[in-house]
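For the sequence shown, position 64 matches number 68 in my numbering, and the numbering has no gaps at all.
Here the structure comes first, spelled out in structure tokens, and everything after it is commentary.
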Amino acid sequence: MWGIDEKIQMAGEIIANAKHAVVFTGAGVSAESGVPTFRGKDGLWSRYDPEEVASIAGFRRNPDAFWNFSKELLLKKKAHPNPAHYGIAELEKMGIVKAVITQNVDMLHQRAGSRVVYELHGSMEMVDCLDCGKTYRWDDIEEILQRDENVRCSCGSPYLKPRVVLFGEQLPQNVLASAIEESRKCDVFIVVGSSLVVYPAANLPIYAKKSGARLIIVNTERTHADGIFDVVIHGKAGEVMPRIVEVVRRLRH
Ligand code: NAD
Ligand code: ZN
5 MWGIDEKIQM AGEIIANAKH AVVFTGAGVS AESGVPTFRG KDGLWSRYDP
55 EEVASIAGFR RNPDAFWNFS KELLLKKKAH PNPAHYGIAE LEKMGIVKAV
105 ITQNVDMLHQ RAGSRVVYEL HGSMEMVDCL DCGKTYRWDD IEEILQRDEN
155 VRCSCGSPYL KPRVVLFGEQ LPQNVLASAI EESRKCDVFI VVGSSLVVYP
205 AANLPIYAKK SGARLIIVNT ERTHADGIFD VVIHGKAGEV MPRIVEVVRR
255 LRH
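Structural data, given as structure tokens:
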């Protein structure tokens with residue numbers, strides 16, 4: 005059995021030798037930014053019913069409940085990128101990471117400086133009125149939420165929907181196709197903070213593996229897929245990722 009220091013060293017060596025690494029992230033990469041995860045013991049699903057607050061049918065029944073939930077997801081500690089997001093962005097600047105594929109809707113990868121980001125579940129950045137078609141930016145909505153007011157369009161409609169994928173909606177097919185292509189052509193596939201249970205999260209590492217890539221996972225808990233990974237690191241993303249980047253930096257000099 006390897007200890008965590010050896011595993012971080014091994015991960016750093018694999019990444020330093022990569023020509024086309026791809027990072028796949030889930031809610032866990034943002035946990036240390038104060039954004040709660042969905043699953044797990046303090047996950048939001050222990051207090052909210054996903055069908056009520058995060059499905060397209062629930063949104064149509066009660067958009068205010070959706071926004072109330074989103075407020076808890078994204079405003080609670082006014083989320084900023086954490087060292088994991090910055091570390092991933094730095095690997096892209098070094099020319100190693102060519103793409104970040106994320107299930108998150110919180111825009112923290114972009115804010116940390118990542119440029120090629122495939123958002124499988126969309127993001128909160130653009131918000132459309134389903135009645136009159138007017139589009140808002142997240143900043144406008146955030147101001148309304150911070151004042152504790154109901155989110156309403158200037159036309160009076162409560163149906164302001166961010167461009168995120170709710171339960172009952174399709175994934176954006178072009179983004180999904182790019183994510184699959186990236187997973188197939190990478191030589192190193194790095195998972196950070198995903199339970200790998202939601203489709204297509206469960207499949208992407210398998211595509212990478214079948215194409216001969218080395219696989220690394222950083223997650224606080226074990227996942228059902230740990231067995232296919234070359235390096236499995238159980239630890240916090242915000243602590244482990246900067247240490248891996250440090251190893252890569254040393255080896256690249
Ligand atoms: P998940 O909630 O199912 O799993 C998160 C994983 O991260 C868990 O395995 C957990 O052990 C791990 N984790 C928790 N804290 C961690 C930390 N500090 N460092 C490393 N790992 C940590 O999330 P998922 O796999 O991404 O999939 C579920 C869905 O959640 C997706 O649809 C995604 O859109 C949505 N989601 C997004 C956000 C966000 O935008 N930040 C937040 C919550 C949920
Ligand atoms: Zn409107």
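Every residue gets a Cβ at the ideal spot worked out from N, C-alpha and C, and that includes glycine.
Treat the numbers as computed from the prediction; the structure is a model and nothing was measured.
If you compare alpha carbons, which of Pro87, Leu175, Arg119 is closest to Val26? Stepping through the sequence shown from its first residue, residue 26 is reached at position 22. Distance from the Cα of Val26 is smallest, within the candidate group Pro87, Leu175, Arg119, for Arg119.
4-residue-minimum alpha helix (DSSP H) runs that sit fully inside the stretch 137 to 174, ordered along the chain: 142 to 150
Spatial neighbours of Glu55 within its chain, please: CB distance less than 8 Å, with the 5 preceding and 5 following residues excluded, ordered by chain position. To locate residue 55, count along the sequence shown from 1; it is residue 51. Ala61, Gly62, Phe171.
Please list the terminal residues of the continuous alpha helix (DSSP H) segment that includes Met111. By one-based count along the sequence shown, residue 111 stands at place 107. Note, Met111: premise wrong, no alpha helix (DSSP H); not H, not E.
Assigned secondary structure, Phe193 (DSSP; H/G/I helix, E/B strand, else coil): Translated into the one-based positions of the sequence shown, residue 193 becomes position 189. Strand, per DSSP.
Got a list of residues with beta-carbon closer than 6 Å to any non-hydrogen atom of the ligand ZN, in chain order? Cys133, Asp135, Cys136, Lys138, Cys157, Cys159, Ser161
Which of helix, strand or coil DSSP assigns to Ser215: The count along the sequence shown starts at 1 and reaches residue 215 at position 211. Ser215 falls in the coil class under three-state DSSP.
When every heavy atom of the ligand NAD is checked, does at least one fall within less than 8 Å of the C-beta of Ala229? For the purposes of this step, residue 229 is taken as residue 225 along the sequence shown, with counting starting at 1. Not under cutoff, so the answer is no.
Residues near Asn211 by beta carbon distance below 7 Å, same chain, minus five either side: On the sequence shown, position 207 is the one that residue 211 refers to. Asn is not the amino acid found at residue 211; the sequence shown has Tyr there. Answer for Tyr211: Ile184, Ser187, Arg188, listed in chain order.
Of the listed residues Leu124, His125, Pro162, nearest to Arg64 (C-alpha basis): The sequence position of residue 64 within the sequence shown is 60, counting from 1. Check the Cα spacing between Arg64 and each of Leu124, His125, Pro162: the tightest is with Pro162.
Based on Cα-Cα distance, which residue from His238, Ile100, Gly38, Val104 lies nearest to Val252? As a working mapping, residue 252 is identified with position 248 in the sequence shown. Ranked by Cα distance from Val252, the options His238, Ile100, Gly38, Val104 are led by Ile100.
Going by the C-beta, is Pro246 closer than 8 Å to any heavy atom of the ligand NAD? Numbered from 1 along the sequence shown, position 242 holds the residue referred to as residue 246. Because no heavy atom of the ligand NAD lies under 8 Å away, the Cβ of Pro246 does not count as near it: no.
Can you list, in chain order, the residues of its chain with a C-beta nearer than 7 Å to that of Ala217? Leave out the 5 residues immediately preceding and following it. One-based indexing of the sequence shown puts residue 217 at position 213. Closer than 7 Å at the Cβ level, and outside the excluded window around Ala217, lie Cys190, Asp191, Val192, Phe193.
Nearest neighbour of Leu208, chosen from Glu36, Ile237, Glu129, Thr29 [CA to CA]: Here residue 208 is taken as the residue at index 204 of the sequence shown, counted from 1. With distances taken between Cα atoms, Leu208 lies closest to Thr29.
Rounded C-beta distance between Ala93 and Ser37? I'm assuming under 8 Å. Stepping through the sequence shown from its first residue, residue 93 is reached at position 89. Stepping through the sequence shown from its first residue, residue 37 is reached at position 33. Not quite, the Cβ-Cβ distance comes to about 14 Å (not below 8 Å), so this is no contact.
Nearest-angstrom Cα distance between Leu124 and Leu219? As a position in the sequence shown, residue 124 is number 120, starting the count at 1. As a position in the sequence shown, residue 219 is number 215, starting the count at 1. Cα to Cα, Leu124 sits roughly 20 Å from Leu219.
Looking at the unbroken alpha helix (DSSP H) that takes in Ile105, where does it start and where does it end? Here residue 105 is taken as the residue at index 101 of the sequence shown, counted from 1. First-last for Ile105: 101 to 106, but that is the beta strand (DSSP E), not the alpha helix (DSSP H).
Within 10 angstroms of its Cβ, does Met128 collect 16 or more other Cβ (buried), or is it exposed? For the purposes of this step, residue 128 is taken as the residue at position 124 of the sequence shown. With 16 or more neighbouring CB atoms inside 10 Å of its own CB, Met128 falls in the buried class.
From the DSSP output, which residues share a beta bridge with Phe28? For the purposes of this step, residue 28 is taken as residue 24 along the sequence shown, with counting starting at 1. For Phe28, which the question treats as bridged, DSSP gives the partners Ile105, Val195.
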